[in-house]
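The sequence shown begins at 2 in my numbering and counts up by one.
Backbone N, C-alpha and C fix where the C-beta goes; we use that ideal spot for every residue, glycine too.
Okay, structure first, notes after.
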Amino acid sequence: MKLIFHGHDERYVVEQSLMALFPGELPVYEPVVPGDDAWAEITCDEASDHLAVTAGLFYHGARGVYTYGMPLTGSAFDREGQRRHAIGACFYLARREMGLPDLPWGMLTGVRPDKPVTQALAAGKTPQEVRSMLETEYFVTPSRASLALETGAAALEAARDLSARDIAVYVGIPFCPTRCAYCSFVSQSVEKSFSLVPPYVDALVAEIRAGGEMVRRCGLRVRAFYMGGGTPTTLTAPQLDRVLSAFCESFDLSSCRELTVEAGRPDTITAEKLAVLRRHGVTRVSVNPQTMEDHVLRAIGRRHTAGDIENAMELVNRCGFRHVNMDLIAGLPEDTPEGFIRSLDRCLAFGTDNVTIHTLALKKGSRILLEGLSVPGPEDVAAMLDYAGPALREAGYAPYYLYRQKYMSGSFENIGWSRSGGTCWYNIYIMSELCSILSFGAGGSTKMVDGGRIQRSFNPKYPKEYTERPEKWRDNQAAFAAFYGS
Ligand code: SF4
């Protein structure tokens, strides 16, 4: 869509709005010429204490025009925020004038729509005031406003329990048995890259041990541990033992609230591996069926059946983990609202204390896009989520964290639901950027957080590059130590 600006150059907010509200459209900065049928013209008229924004959208024969006015107050920084808000709001309202339906999250285009909620609650606003802000200033639907209020409050609770030198630790295992159709992670199929695993484990153990020393030197406290991927349980039991031993021996875990390990694919779960996890004090495992429909599992390239998930859950339950999570995805290829409902009901029957409901995101590089697999439309995905929320609440779950990704079906969200006492704190820490995350392994993204200050460093993306270039993680750990003034 062509973008024409008058009186401003707020490209970022307009581009974010464009891509969220008109999926598939990309910004083009060229003059409109006869024959064009998709453009947006955004005009800002700014005086010392007032701003008027007019957005005109022209899209395949439809037209929507809206003018949005608001007072300008405070510092130059405050005014910049107000201008951006006015432009985003005006763009959204002009789209509404075109007769297009409202979106669940209104004009909020970011990854964490509950972030303004946490900030407003922390600033002393009442839940009613925050709800009103979401619905009238951001045009969020009442059901999403309720969700954001609950998850925003959970983030505030988590933040209040953290101190300035608290961190979380992430370990990445970028291997999986096969590649799922919706995946764009840098996860390697173990069958194809079997030889990479042993040197990867050696390198990881070295990085974890060095990281433990650095964290001790800096006087930091580990509050949560998360091992994800990929699928960590693609490692053998002795390999898992080595990695977890390195972690448990290198870090003081006396203040660590939880140790979570993703055991995502049932075809990687064995009693021996679960025993290793238990021995190292793992408090939560995550078994991720994504669907309990066998034909959908086949369509997404998982080499297991719903029956395998039942068997894996039996093993997990026998081991007696304190917490268990199960992930489902709404909107998978070949799934239907009825199929999704069956999947969720079967998952609820396991009685785990965590269930995470993702909405399919169409990621670049995924097989779904590369092979053009057909997926359920936004109405079907809405029907799936409309069933999930009330069913989970009825079964005793409440939402505790949520986030959005680009290119999600119907512009919905991913939500972590837990029963009382089942919160996975790591998920809140990372999504709400409440503390630093020290990441180990290929593709590890370390985030250093200190109030509003955020710095990032990245490990090499691919396992081979990671094992061959330890200097990169050494540099990252030096940057982490420097961030904490050590
Ligand atoms: S299990 Fe996860 S990381 Fe592995 S291929 Fe599937 S989506 Fe990707």
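task: Pick out whichever of Cys249, Leu386 and Thr234 has its Cα sitting closest to the Cα of Gly213.
output: Numbered from 1 along the sequence shown, position 212 holds the residue referred to as residue 213. The closest CA to that of Gly213, considering only Cys249, Leu386 and Thr234, is found on Cys249.
query: Is there at least one non-hydrogen atom of the ligand SF4 closer than 6 Å to the beta-carbon of Phe186?
result: The residue labelled residue 186 in the question sits at position 185 within the sequence shown. Phe186 Cβ: within cutoff of the ligand SF4.
field: Limits of the unbroken alpha helix (DSSP H) element including Arg323
entry: The residue given as residue 323 occupies position 322 in the sequence shown. Segment: none, Arg323 is in no alpha helix (DSSP H) and carries neither H nor E.
field: Euclidean distance between Cα positions of Gly411 and Leu27
entry: Position 410 of the sequence shown holds residue 411. Position 26 of the sequence shown holds residue 27. Looking at the backbone, the Cα of Gly411 and that of Leu27 are separated by about 18 Å.
- prompt: Thr261: which of Asn326, Ser164 and Ala362 sits nearest, CA to CA?
  reply: As a first step, residue 261 must be located in the sequence shown, where it is residue number 260. When Asn326, Ser164 and Ala362 are compared, the shortest CA-CA separation from Thr261 is found for Asn326.
message: Among the candidates Phe459, Thr337 and Leu254, whose CA atom is the shortest distance from the CA of Val472?
response: One-based indexing of the sequence shown puts residue 472 at position 471. Position check: residue 472 holds Glu in this sequence, whereas Val was assumed. Ranking Phe459, Thr337 and Leu254 by Cα distance to Glu472 puts Phe459 first.
- prompt: For Lys3, which beta-bridge partners are listed by DSSP?
  reply: Indexing the sequence shown from 1 puts residue 3 at position 2. The secondary-structure analysis by DSSP pairs Lys3 across a beta bridge with Val29 and Trp40.
- prompt: Would the beta-carbon of Ala264 fall within 7 Å of that of Thr292?
  reply: As a working note, residue 264 is residue 263 in the sequence shown. As a working note, residue 292 is residue 291 in the sequence shown. In this structure, Thr292 does not lie closer than 7 Å to Ala264 by Cβ.
query: Quick one: does the C-beta of Arg180 sit closer than 6 Å to a heavy atom of the ligand SF4?
result: Looking up residue 180 in the sequence shown gives position 179. Flag set: Cβ of Arg180 near the ligand SF4.
- request: With a 10 Å radius around its C-beta and 16 neighbouring C-beta atoms as the bar for buried, classify Phe78 as buried or exposed.
  value: Here residue 78 refers to the residue found at position 77 when the sequence shown is read from its first residue. It counts as exposed.
- prompt: Taking all protein chains shown into account, do 16 or more other C-beta atoms lie within 10 angstroms of the C-beta of Glu81, making it buried, or fewer, making it exposed?
  reply: Numbered from its first residue, the sequence shown carries residue 81 at position 80. Burial call: exposed.
- prompt: Apart from the five residues just before and just after Val54, which ones in its own chain have a Cβ nearer than 6 Å to its Cβ?
  reply: Counting from 1 along the sequence shown, the entry for residue 54 is found at position 53. For Val54, where only same-chain residues beyond five positions count, the Cβ hits under 6 Å are Cys45, Tyr69, Ala87, Ile88 and Cys91.
query: Does at least one heavy atom of the ligand SF4 sit under 6 Å from the Cβ of Gly231?
result: Mapped onto the sequence shown, residue 231 falls at position 230. At least one heavy atom of the ligand SF4 falls within 6 Å of the beta-carbon of Gly231.
message: Please tell me whether Tyr139 and Gly111 are closer than 7 Å, where the distance is taken between their beta carbons.
response: Against the sequence shown, residue 139 aligns to sequence position 138. Against the sequence shown, residue 111 aligns to sequence position 110. With a cutoff of 7 Å on beta-carbon distance, Tyr139 and Gly111 are scored as not near each other.
query: Can you tell me whether Asn289 is buried or exposed, with buried defined as 16 or more other CB within 10 angstroms of its CB?
result: Locating residue 289 in the sequence shown gives position 288, counting from the first residue. Classification for Asn289: buried.
- request: With a cut-off of 8 Å on the beta carbons, I'd call Glu158 and Cys425 a contact; round off their distance for me.
  value: Reading the sequence shown from its first residue, position 157 is the one you call residue 158. Reading the sequence shown from its first residue, position 424 is the one you call residue 425. Rounded, the Cβ-Cβ distance is 14 Å, inconsistent with contact.
message: Quick check: does the Cβ of Gly265 come within less than 6 Å of any heavy atom belonging to the ligand SF4?
response: In the sequence shown, residue 265 corresponds to position 264, counting from 1. Because some heavy atom of the ligand SF4 lies under 6 Å away, the Cβ of Gly265 counts as near it: yes.
query: Do the region 146–154 and the region 123–136 touch if we need at least three Cβ pairs shorter than 8 Å?
result: Contact holds: three or more Cβ-Cβ distances are below 8 Å.
field: Sufficient close CB pairs (3 or more, under 8 Å) joining the region 192–204 to the region 447–457
entry: Per the Cβ contact rule, the region 192–204 is not in contact with the region 447–457 (fewer than 3 Cβ pairs under 8 Å).
query: Excluding five sequence neighbours on each side, which residues of the same chain lie with their C-beta closer than 6 Å to the C-beta of Tyr67?
result: Taking the sequence shown and counting its residues from 1, one reaches residue 67 at position 66. Once the five neighbours on either side are set aside, the close Cβ partners of Tyr67 are Ala56, Cys91, Leu94, Ala95 and Glu98.
message: Bridge partners for Val202 per DSSP, in chain order?
response: Residue 202 sits at position 201 when you count from the first residue of the sequence shown. Listed as beta-bridge partners of Val202 by DSSP are no residues whatsoever.
task: Give the DSSP bridge partners of Ala399, in chain order.
output: The sequence position of residue 399 within the sequence shown is 398, counting from 1. Ser419, per the DSSP bridge assignment.
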